[in-house]
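Only one structure is covered here, and it is reproduced in the block below.
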Amino acid sequence: DLLLRLCSEWEEEEEFALLGRKKYMRKTNKPTQEQLLSMPLQEGANVLRFCLSSGAAPVTASIYLWSHKSKVVISDVDGTITKSDLLGHIAPAFGIQWAQKGVAQLLTRIQENNYKVLYLTARPIGQADATKTYLKSVHENGVRLPVGPVITSPDGMFRSLHREVILRRPEDFKIECLSTIKNLFPEASLPFYAGFGNRHTDVTSYQAVKIPDSRIMIINPQGEVHNPLNQTRISSYDGLRELVDLMFPPVVENREITDEQYNTFNFWRVEPFAIEPPPTA
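Heads up, the sequence shown is in the numbering used here, so the first residue is 26 and it goes up one at a time.
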């Protein structure tokens with residue numbers, strides 16, 4: 026039970042930040058094992074509602090309960106699900122999806138093979154609702170993106186922009202976040218099966234949490250998918266969907282996935298041979 030491994034006692038984390046002469050303190054609480062056990066959690070998404078005694082509008086959130094044997098596929102949002110980073114923020118505000126062609130159908134097929142889909146973005150936490158609303162709106166030929174956790178940066182707008190635009194190090198947040206999730210699984214397991222992104226920083230993030238190089242896929246604004254580590258061009262989301270049962274073999278409950286070198290996709294693959302150029306006259 027992954028959620029029961031979050032924390033064994035209440036923990037208060039204080040963070041001080043000096044802005045001029047003002048000092049701010051932020052406290053976060055993590056539930057105990059007993060509190061999690063008292064919740065009637067079901068497999069998959071569980072909706073929580075936080076109500077204030079003042080009668081203010083309630084706040085909702087989700088807890089996802091997954092098996093410790095689950096295999097997780099990670100997808101970035103901006104430039105990976107959307108066609109580009111900047112317009113991915115702006116276009117949805119005008120009712121334009123601006124989504125990569127075939128992304129909803131591909132991720133749905135992957136989920137149908139019993140993988141868990143996790144959305145990871147460096148967007149600030151203030152954009153969490155807008156991001157979730159956008160992901161729910163993406164559809165193609167009647168197929169929508171599969172439901173899954175949406176992880177955003179816990180920082181505010183300015184700190185997130187400073188890290189991504191000025192420092193150009195969004196991987197700092199992503200590596201820390203993915204490492205925390207990975208630590209919820211048994212120590213020897215490799216829960217992250219594959220990762221989709223659109224930047225070299227995504228490659229760095231996925232490598233840091235032991236995603237195999239062959240399953241790190243990068244997409245450009247033209248919708249071309251490739252593996253940047255061996256310069257293999259896979260084609261597109263639509264093309265990848267045709268290979269989904271080979272690259273993402275169905276996960277059978279209580280059975281481990283075949284070792285990487287012995288799965289159908291790699292075992293029967295024929296390496297390209299070198300072609301010598303014709304001799305010059």
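Even for Gly, the Cβ is constructed at its ideal location relative to N, Cα and C.
According to DSSP, N71 shares a beta bridge with I88. R169 carries a strand assignment under DSSP once its states are collapsed to helix, strand and coil. Straight-line measurement puts the Cα of E137 at about 24 angstroms from the Cα of G104.
When only Cα atoms are considered, R169 and V142 end up about 13 angstroms apart. By the criterion of at least three beta-carbon pairs nearer than 8 angstroms, the stretch 81-97 is not in contact with the stretch 231-241. With 16 or more other Cβ atoms from the protein chains shown falling within 10 Å of its own Cβ, G222 counts as buried.
If you check the CB distance, V277 and I135 do not come in under 8 angstroms. Around the beta carbon of D101, a 10 Å sphere encloses 16 or more other beta carbons of the protein chains shown; the residue is thus reported as buried. When C-alpha distances from D263 are compared across L61, G248 and N255, the shortest belongs to G248.
The Cβ atoms of E196 and T229 lie closer than 8 angstroms to each other.
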